[in-house]
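This is the structure we're talking about:
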C-alpha cells in the first residue's frame, strides 16, 4: 500500500537519510527499528508530512505522492501517534481527539451528539478511564499516550504510524494496545511500529525493517529475525570493536569524592539515584533517552529542586537554590540542547565565549574591552574554534563550533566540577573528538567531569566509570573490565549488569563498590519479560555471542548523521 | 543574492545592519524636509531646541533601552518623569540649594517604581507591558492625589539655567549637553563595560541559557527596571528644569516616545539586541519628526495619528523573523 523508495534527507550538512526504504501492506504491522539517530523518526516524519525528503519517492497505492504537510497526510489516511505526543495540554480529552476531525452537522456546526458517541466508543475501546472533559495535562503520561493513540485511530486511518508509544505505558496497557492493534490490522489498517523494546517486535509485528545510519539495512518477515540478528543489523558493529573500549582508567579515586550523590529523588522521573565522582575523573551517565539523566544534572546544578536524598559536594551537603549559586561554588554546566539552553545565537562569538566569566563575579565590575578580546582570542586559539571573526554572531558558526564555544566558555573558568548533559548531541564527529580530548585534558589537570551521553560508543570510549540509569534508578555502574558494550546495552535495557551474576547478593541497592564491580538491583519496571519471545531477549550476562556485543550501540545515535536528528524535538 | 530582493527587504537588511546610522540618515532627511516646508526653521536657536529635546528624550530612553535589551518593556517612563518633575517644582519651590535633596528623592522614587515594575514583571511573571502600564497608572493618579491636581512651585533659577543656558553664547549649544556628559558614559559603562550589561544582553537573547549559565536572571532583570525608573526620574527633573513649572502628566507621552525612539534605534522588542547610540539617534528622529509635523501646522491630534501610524510602520519594518528553532 505504501512504499518509500530510496529516500534521502539532509538537514543542512547533517545527513539523516540516504537510501532508506520501507513498504507496508494493508493489515500488516511492520516494526521499524534502528538505534537513536538512525533515521527512523525522520522516516516517520516524512510519512506524517512533517519533513519533506530531499530525494527519493513516496508511493501510496502505487502512485507517487508528495506529502507536504499534516493535512496531506491526513487526506491520504495516514495518522500518527507521536513520541512527544501531539495533544494540547490545555484542551479537554474530547476536544483533543476531535481536533480537526469534528463530525459536522448542517451549516458546518459540530455535531455534538455523534461526537460524544464516538468519543465514548474510543475511550471504551482503549479502556481509558477518564472524563472526556478533563484537561489532557491533568492525565498521567500513560493515559495521555493512550489518548494520543485514540486520537490517531479516531481518524479512521488506513496507515497508522506508532512512534515509541509503549515507552510510558504499563504492562496491561501495552497488552490492551496490542489487542487494539490486532483488531485494526484485521480491519486492514497498515501500521508502522517504532520501538526500542525489541521483545515487543516478536509479540505484535509481522514484518521488520531495520535502518542504520539513514539506510535500510534489513527487512523481512519477523520469523526471519532473532533478537541477535536485529541487534546486529541495528549496530552493524563487529564484535572486535569492543576491544578498543579498554578504557582510559586514569581517575585517581583517593580520598573524598568531589561529588557524592545519595539516593536522589526527583519526581516524577527519578526515584533513587546515587553517584560518586572523584577528582580527575570522567564519570559517564548512560541510559536510554529520558531515564532521568537531564533531571539529575539539573538537580546537581540547582536548576530544579529535588525531593529526597542528599548531594554532597566538595565535602559538604549542598542544596543549591539556583544555578548561579552552584556556579559560584565552582560548578559549570554544559547543555547539549544548544539552541535552547546554551548558545546566545544573536550575540557575538566573543560574548558567547565570555558567558562563563560574565556569570561569575561582581555585577558592576568593569570589564575592559582589551582583556575581553584577549580572553576570547586565547580561547579560540586554544580550542581550535573555527570562526570568521569574534564579532560575528554565534549562529554564523557550525553546530560543532558552536558547541566548542559553549565548552570553552566553561573550561576557561576551570570549574571544580563540570556537568555535561549530552554535550555532543548534533555535533560532527571531528568536533566530538576534540571536545572529548579537551575534557580529558581537564580531568588530568584535576577537574571532575560528570557527563551524560546518549551515544554508547562515545560513553565507553570517554568515561572512566559509567552509571547506567534506568527508569529513575542506577541500574549498573560499569568500570574497568566491565565497561563492555554488551554490559552497557543490557544495563540500558533494564537488565542487571553482568556483574550481577558473580556479585554477592546486593548488599542494599546503593552499595557503590568502587572495586570495579557493578551494583545491581532488580528493576520492577523492567520491560516485561512475559512476551512470548522473552526468551529471545539479549541477556547480556552471556557475553561472547556477537549479537549482544553490538547491543551496546543499539541505542546509540549513529555517528555523524545521527546527532542532528537527535536534537529535533 | 542581494539583487533579487524587493525594496522592502532591502530596507530591512540595511536597517538591520546599522539601525543607528539609518536613524541618523532619516533624521537628516526629515530635517531637510522641515526646512523645505518652513525655511524659517533653519536657525541656530531651532537647532539648539532640537538638541535640547533630543537629549531629554535620550535620557528618558536610556532605561527603556536597557529594559528592552533585557527582554522586558517599560511603559512607566512617562509617569515617572511627570512625577519626578512635580517633585522638582515642589521641593525646589523656586529656591536654590535644593538640588541634592531633589536628586536623591527623585531617584529613590524612580527606583521604587522600577522595583515594583521589576518584581511584578519578573518575579510574579506578569506581562511587562500590562504591569508597567498598570503601575504607571497608579503613579499618575498619585500625582493628582498628592497635589490636588494642581502642582505648585517652580524649579530654582540655577537649575533652570543649568539646562537652558547656551554654552559659550552659542545658540545651538544648550547646557543640557553637560548632563549628557554624565548620562551617556554612565549608560555606556552599564551596557558595554560592566558585567551587568553583558548579562543583560545574554538574558535578553536567551533567558534559559543565561540561567543555566549561572546568571541570576531575575535579579538582573529587576535591576533593569530599577535603572529605567531612575533614568526616567532623572529625565523628569531635567524636563521640569526646562519647563520651569509643570502640571500633572506633563511628560506622559514620553512613555510611547521613548519606546519608539528605542525601536527606531534598532533595539529588538524581543530582547538581546540593541545599542544606546541607536536610541539616541532614534530620539533625534522623533524630535525632528515632531518638529516637521509642527512646521506642517498639524494639530496635536493629527500629530498623534501620524506618530501612531509611524509606530506601526516601524514595527513592520523592524520585525525580525521569528526565532523558530528546532
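Protein chains in written order, with our numbering: chain A, 1 to 569; chain B, 1001 to 1326.
Virtual Cβ for every residue (Gly too), placed ideally from N, Cα, C.
A quick note: this is a predicted structure, and the numbers were derived from the prediction, not measured.
Residues of chain B whose Cβ lies closer than 8 Å to the Cβ of residue 450 (chain A) do not exist; the shortest such Cβ separation is about 15 Å.
Residue environment analysis places residue 258 (chain A) among the buried positions, since at least 16 neighbouring C-beta atoms fall within 10 angstroms of its C-beta. Residue 20 (chain A) is a Cβ neighbour of residue 215 (chain A), given a cutoff of 9 Å. In this structure, residue 480 (chain A) lies away from residue 280 (chain A), with their beta-carbon atoms at least 9 Å apart.
For the region 372-391 of chain A, the set of residues with a beta-carbon nearer than 9 Å to any beta-carbon of chain B comprises 372, in chain order.
One thing to note: residue 166 (chain A) has its Cβ no nearer than 9 Å to the Cβ of residue 209 (chain A).
If you check the CB distance, residue 348 (chain A) and residue 319 (chain A) do not come in under 9 Å. Against chain B, a Cβ distance below 9 Å from residue 467 (chain A) picks out nothing, because the smallest value is about 22 Å.
Under the Cβ criterion (8 Å, minimum of three pairs), the region 1052-1070 of chain B counts as touching the region 1273-1282 of chain B.
For the region 1248-1272 of chain B, the set of residues with a beta-carbon nearer than 7 Å to any beta-carbon of chain A comprises 1272, in chain order. If the five residues before and after residue 1071 (chain B) are omitted, its C-beta is found closer than 8 Å to the C-beta atoms of 1203, 1204, 1207, 1221, 1270, 1271, 1272, all from its own chain and listed in chain order.
The Cβ atoms of residue 439 (chain A) and residue 332 (chain A) do not sit closer than 9 Å to each other. Secondary structure at residue 137 (chain A): helix, using DSSP grouped into helix, strand and coil. Apart from sequence neighbours up to five positions away, the residues of its chain that approach residue 139 (chain A) with a beta-carbon distance below 8 Å are 93, 130, 147, ordered along the chain.
By the neighbour-count criterion, in which a residue is buried when 16 or more other Cβ atoms sit within 10 angstroms of its Cβ, residue 1174 (chain B) is buried. In this structure, the alpha-carbon of residue 117 (chain A) lies about 43 Å from that of residue 265 (chain A).
At the C-beta level, residue 472 (chain A) and residue 276 (chain A) stay beyond 9 Å of one another. Put simply, of B:1314, B:1119, B:1033, B:1283 the residue whose alpha carbon is nearest the alpha carbon of residue 1257 (chain B) is B:1283. In the displayed model, residue 256 (chain A) falls within coil according to three-state DSSP, outside both helix and strand. Contact check for residue 1296 (chain B) against residue 1260 (chain B) fails: the beta carbons are separated by 9 Å or more. Here residue 172 (chain A) carries a helix assignment [DSSP, helix/strand/coil].
For residue 116 (chain A), the enclosing alpha helix (DSSP H) begins and ends at 112-125. For the pair of segments examined, the region 396-412 of chain A was found to touch the region 375-384 of chain A: the number of CB pairs separated by less than 8 Å reaches three. Looking at A:89, A:159, A:457, A:283, the one whose alpha-carbon comes closest to that of residue 486 (chain A) is A:457.
Distances from the alpha-carbon of residue 399 (chain A) to those of A:362, A:306, A:412, A:338 put A:338 closest. Sequence-distant partners of residue 1280 (chain B) (beyond 5 residues in either direction) whose C-beta falls short of 6 Å from its own C-beta, in its chain, are 1058. Interface with chain A (9 Å Cβ-Cβ cutoff): residue 1194 (chain B) is included.
The Cβ neighbour count for residue 1210 (chain B), taken over all protein chains shown within 10 Å, is at least 16; the residue is labelled buried. When the Cα atoms are used, residue 1048 (chain B) and residue 304 (chain A) turn out to be separated by approximately 56 Å. Straight through space, the alpha carbons of residue 325 (chain A) and residue 442 (chain A) are spaced by roughly 22 Å.
Of A:132, A:127, A:111, the smallest CA-CA separation from residue 119 (chain A) is found for A:132. For residue 327 (chain A), same chain residues with a beta-carbon under 7 Å away, outside a window of 5 residues either side, are 359, 360 in chain order. For the options A:107, A:469, A:219, the alpha carbon positioned closest to that of residue 452 (chain A) is the one of A:469. Following the DSSP letters along the chain, one finds residue 219 (chain A) inside the beta strand (DSSP E) bounded by residues 215-221. Burial check for residue 424 (chain A): the Cβ neighbour count within 10 Å reaches 16 or more, so the residue is buried. DSSP places residue 270 (chain A) inside the beta strand (DSSP E), whose first and last residues are 270-277.
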